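Colleague: Just so it is clear: in the sequence shown, position 148 is 259 by my numbering, and no numbers are missing.
For each residue, glycine too, the CB sits at the ideal point set by N, CA and C.
From a predicted model like this one, the values you see are computed outputs, not experimental measurements.
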Amino acid sequence: MPNGIWIYFVQGAVRRGVGWRSMTQVRTEQQIVSVWFPDLTLDRWKRVISQYRTVPAHDVPVVLTRDGAHGPVVYSLSSAAKDRGINRGDRVVDAQAINRDLHVETADLDGDHALMQHLVHWARRWCPWTAQDGTDGLYLDVTRAAHLFGGEARMLRDMVQRFAMQGLTARVAMGPTPLAAHMLARFGASYQISMQQDITAALAPLSVTALPITSDMNRLLHRLGLKTIGALAAVPRAAMMQRFSNVAADRNPLMLLDRALGHSPDPLNAPPDRMRFMARARLPEPVIDPVPHLKALVDDLCHSLADAEQGARQLQLTIYRIDSECRRVQLATANASREAAHLLRLFDGKLDNIDPGFGFDLLTLEALRVEPVSRIQENLDGKRDAQKDIAGLVDRLTARLGQDRVTWSTWRESHVPERIEGRVSALHGAPSAAPELLLDRPIRVLDPPEEVRVIYAVPEGPPSQFRWRGVPYKSTRHAGPERIAPEWWRDKTGTRLRDYYKVEVQDGRRFWLYREGVIYDGRGAEPRWFMHGFFV
Numbered sequence: 112m113p114n115g116i117w118i119y120f121v122q123g124a125v126r127r128g129v130g131w132r133s134m135t136q137v138r139t140e141q142q143i144v145s146v147w148f149p150d151l152t153l154d155r156w157k158r159v160i161s162q163y164r165t166v167p168a169h170d171v172p173v174v175l176t177r178d179g180a181h182g183p184v185v186y187s188l189s190s191a192a193k194d195r196g197i198n199r200g201d202r203v204v205d206a207q208a209i210n211r212d213l214h215v216e217t218a219d220l221d222g223d224h225a226l227m228q229h230l231v232h233w234a235r236r237w238c239p240w241t242a243q244d245g246t247d248g249l250y251l252d253v254t255r256a257a258h259l260f261g262g263e264a265r266m267l268r269d270m271v272q273r274f275a276m277q278g279l280t281a282r283v284a285m286g287p288t289p290l291a292a293h294m295l296a297r298f299g300a301s302y303q304i305s306m307q308q309d310i311t312a313a314l315a316p317l318s319v320t321a322l323p324i325t326s327d328m329n330r331l332l333h334r335l336g337l338k339t340i341g342a343l344a345a346v347p348r349a350a351m352m353q354r355f356s357n358v359a360a361d362r363n364p365l366m367l368l369d370r371a372l373g374h375s376p377d378p379l380n381a382p383p384d385r386m387r388f389m390a391r392a393r394l395p396e397p398v399i400d401p402v403p404h405l406k407a408l409v410d411d412l413c414h415s416l417a418d419a420e421q422g423a424r425q426l427q428l429t430i431y432r433i434d435s436e437c438r439r440v441q442l443a444t445a446n447a448s449r450e451a452a453h454l455l456r457l458f459d460g461k462l463d464n465i466d467p468g469f470g471f472d473l474l475t476l477e478a479l480r481v482e483p484v485s486r487i488q489e490n491l492d493g494k495r496d497a498q499k500d501i502a503g504l505v506d507r508l509t510a511r512l513g514q515d516r517v518t519w520s521t522w523r524e525s526h527v528p529e530r531i532e533g534r535v536s537a538l539h540g541a542p543s544a545a546p547e548l549l550l551d552r553p554i555r556v557l558d559p560p561e562e563v564r565v566i567y568a569v570p571e572g573p574p575s576q577f578r579w580r581g582v583p584y585k586s587t588r589h590a591g592p593e594r595i596a597p598e599w600w601r602d603k604t605g606t607r608l609r610d611y612y613k614v615e616v617q618d619g620r621r622f623w624l625y626r627e628g629v630i631y632d633g634r635g636a637e638p639r640w641f642m643h644g645f646f647v
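#1: Using the Cβ count rule (16 or more neighbours within 10 Å means buried), how would you classify residue 310?
#2: To which residues of the same chain is residue 634 closer than 8 Å at the C-beta, ignoring the five residues directly before and after it?
#3: Determine, using beta-carbon pairs with one atom in the stretch 291 to 304 and one in the stretch 319 to 337, whether at least three such pairs fall under 8 Å.
#4: What residue range is occupied by the uninterrupted alpha helix (DSSP H) comprising residue 152?
#5: Whole beta strand (DSSP E) runs in the stretch 508 to 581 with 3 or more residues, listed along the chain?
#6: What residue from 170, 171, 188, 169 has the CA that sits closest to residue 177's CA?
#7: Give me the DSSP bridge partner(s) of residue 172.
#8: Can we say the stretch 573 to 593 touches the stretch 607 to 621, given the rule of at least three CB pairs closer than 8 Å?
#9: Buried or exposed for residue 266, please, with buried defined as at least 16 other CB atoms from any protein chain shown within 10 angstroms of its CB.
#10: Output needed for residue 555: all residues of its chain with C-beta closer than 7 Å, excluding positions within five of it in sequence on either side, in chain order.
#11: Does the count of Cβ pairs from the stretch 468 to 480 and the stretch 407 to 426 closer than 8 Å reach three?
#12: Starting from the C-beta of residue 447, find all residues in its chain whose C-beta is less than 6 Å away, skip the five residues before and the five after it, and write them out in chain order.
#13: Taking the runs of the beta strand (DSSP E) that are 3 residues or longer, which of them lie wholly in the stretch 395 to 478?
#14: Would you mind working out which of 364, 280, 400 sits nearest residue 462, comparing C-alpha positions?
#15: Check for me: the alpha helix (DSSP H) holding residue 364 runs from which residue to which?
#16: Helix, strand or coil: how does DSSP classify residue 609 here?
#17: Which of the three DSSP states, helix, strand or coil, is assigned to residue 631?
#18: How about residue 563 and residue 587: are their beta carbons less than 8 Å apart?
#19: Taking DSSP as the reference, what is the three-state secondary structure of residue 143?
#20: Report back the beta-carbon spacing between residue 148 and residue 280 to the nearest angstrom; my notes put them in contact at under 8 Å.
#21: How big is the Cα-Cα spacing for residue 676 and residue 213?
#22: Taking the alpha carbon of residue 373 as the reference point, which residue from 597, 288, 511, 168 has its own alpha carbon closest?
#23: Quick check on the DSSP output: the alpha helix (DSSP H) that includes residue 355 runs from which residue to which?
#24: Measure the CB-CB distance between residue 417 and residue 449 and report whether it falls below 8 Å.
#25: Just checking, does the stretch 458 to 475 make contact with the stretch 439 to 446 on the three C-beta pairs under 8 Å criterion?
#26: State the Cα-Cα distance for the pair residue 413 and residue 507, rounded to the nearest angstrom.
#27: What residue range is occupied by the uninterrupted alpha helix (DSSP H) comprising residue 330?
#28: What's the call for residue 132, buried or exposed, on a 16-neighbour Cβ count within 10 Å?
#29: One question on the structure: do residue 433 and residue 395 come within less than 8 Å of each other, judged by their Cβ atoms?
#30: Please say whether residue 577 and residue 522 have beta carbons closer to each other than 8 Å?
#31: Closer than 8 Å by C-beta to residue 469: which residues in its own chain qualify, once you throw out the five before and the five after it? Chain order, please.
#32: Among 553, 552, 583, which one has its Cα closest to the Cα of residue 567?
#33: In angstroms, rounded to a whole number, what distance separates the CA positions of residue 157 and residue 429?
#34: Between residue 314 and residue 284, is the Cβ-Cβ spacing less than 8 Å?
#35: Can you check whether the C-beta of residue 272 is within less than 8 Å of a C-beta belonging to chain D?
#36: Can the beta-carbon of residue 364 be found less than 8 Å from the beta-carbon of residue 343?
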C-alpha cells in the first residue's frame, strides 16, 4: 500500500457478478493550497481604470504609491518600472528624478483589502475551507477535493486560469501544511505539489527567508552559515533551541520549521460563510406591475434581518421576466436599517422606468451589505433619535438625486487651501470637523482663484489698491502674511510659494488675497496677485 490512506468510491453498481466498473482514488492526507498574488495592487488598479480610460502601454513604467515617513514611496510597480531599476520602497521623488516618463498613481489599499475578503469566499468553489494568507494570498484546504477537478495538477491549473480571467496573476503551490504551501508558492516553483513524505526534500533548497522571520533573525542565520532550510534542519536540535530560547514562537525559526514540516499543529482558521438575506415572491402567472408585491418582499426581508439583529446598507431588487431576462434596481442607505416603511419609501419612482416585457413571475429582494443592529432599546426617554432622521433624509435624497450629488465635506492633510477640502458620498462617510487651520480662513473660497490687477503695492507687503472684476478697491488695513510653501512631493518643479493677506477695504469688506512668488526667486517673472476668498 502506498504512503497515505486511499478511499475508493464506487461509480457503478455490482450487478449479476459484473463487479467493480470504475473506481476513483481519493487521498485523505491533508492538502493545503497557497495562492499568492504577487502583483495584486497593480492588477486590481489595471482592472479598475480599464473601465473608464486606457491602461498605459507595457513599455510605460507604472508605480503605485503609498504614504511613507518622508513622502510617498513605491508600493507596487510594473515590469517596465522594475527594468528601470525601481524597487519597492523607493521614494517617488527619487524615481521621478531619474525617470521623467514615470506614470505615478496612488494605491488603493482599502480596495485591495475588500477584494481579498471577497476572494476568500469566492475561492470556495474549489473547497469548503478557505482563509486569507497575509494581504496578498489565500489558503485553501483541498483535502479530499482534488479528484473532483481531475487531480491536483488540473485543480491548480484551473485556479490560475480562473484568477487570470479576473485580471489577477497568481502563483499556486500545494503542501501538507499551510506554512509549507505558503513557502513553496512564494519561493518555490509555481504549480509545485508536495506531499507529506517528500516535503522535507521540497523545502530543503529554499532560502531561510522563506520562513516568516524578522530581518535580524535572517541576518543571524546567514552569519551562522544557515542559508537554506535544509541547512537549518540539519543542525543539531538541542544547540539551536538553546540559542533561540528567548525568541517568540511565531518568529522562532525552529518552531516555524516544525509547523512547515507537520511536526507541530498548524490549523487553518477559515471564516464562516456570509449570511445571505433574501426575500422571494413567486407569482402563479406573469404580471406587469411589481409595485403591489414590493411591500410583502420588504416585510419578509426586514423580519429576517431582525431575527439576525442585522440592518441593510445596500438593497437589490431583481425582476425575472418570462423571456429569461432580468432587471435590477439597487439602493443604499446611510445607516443600517430594517424599518420596512423607510426601505419601502426608497423605491418610490425607482420602478417607473423598468421594462417588464411580456411580464414577470419572480421577484427577489436581497440585502447585499448588512451591518449589526441591536434590538435593545436605545433611549430611555422614548424620544426619536435625531441622527436617524438625518440618515433617513440622506437616504431619500440619494435615492432621488443619486449618490454623487449628495455629499459631505471631508478634510485632507495639506496646507494648500484648495486641497484641504474634499467631497465624499453621504452614504459612505460622515461629516468631519474642520481642522484648526481653517478657523482663521474664510468660509467662502474661490475655485479656482481669480487674478487681480494691483494698482499700487507696498514692497514685500499687501496691495494698497487693486482692481478685481473691473471694480477698484483701496485697502485700509491688513493682516499677514501667511506663507505657504509648495508641497515638493506633489507640486511640479518651479511651483512658487504664496503669501496670503487678509485685506479690509474702505466699505468694510474683507478679502483673502495672496501673492504668488517673490521678486528674484528665480521661478518666474514679476509676482502675481490672486483673490482666493472673502470673509462674510
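Modeller: In short:
#1: buried
#2: 605, 606, 607, 628
#3: yes
#4: 151 to 160
#5: Counting only runs of 3 or more, we get 518 to 522, 532 to 536, 555 to 568, 574 to 579.
#6: 188
#7: In DSSP, residue 172 forms no bridge with anything.
#8: In short, these stretches touch, since the Cβ pair count reaches three.
#9: buried
#10: 644, 645, 647
#11: yes
#12: 422, 424, 482, 484
#13: 421 to 432, 437 to 448
#14: For the residues 364, 280, 400, the minimum Cα distance to residue 462 belongs to 400.
#15: 364 to 372
#16: strand
#17: coil
#18: no
#19: strand
#20: 7 Å
#21: This structure leaves residue 676 out entirely; the chain is present only between 112 and 647.
#22: 288
#23: No alpha helix (DSSP H) contains residue 355, which DSSP labels as neither H nor E.
#24: yes
#25: yes
#26: 18 Å
#27: 326 to 334
#28: Below a pLDDT of 50, predicted positions are generally treated as unreliable, and residue 132, at 32, falls in that range; the measurement from the model is reported next regardless. Looking at its Cβ environment, which holds fewer than 16 other Cβ atoms inside 10 Å, residue 132 is exposed.
#29: No.
#30: Contact flag unset, no.
#31: 397, 432, 433, 434
#32: 583
#33: Approximately 30 Å, taken between the alpha carbons.
#34: No, these two residues do not count as a Cβ contact at 8 Å.
#35: In the structure shown, chain D does not exist; there is a single protein chain.
#36: yes
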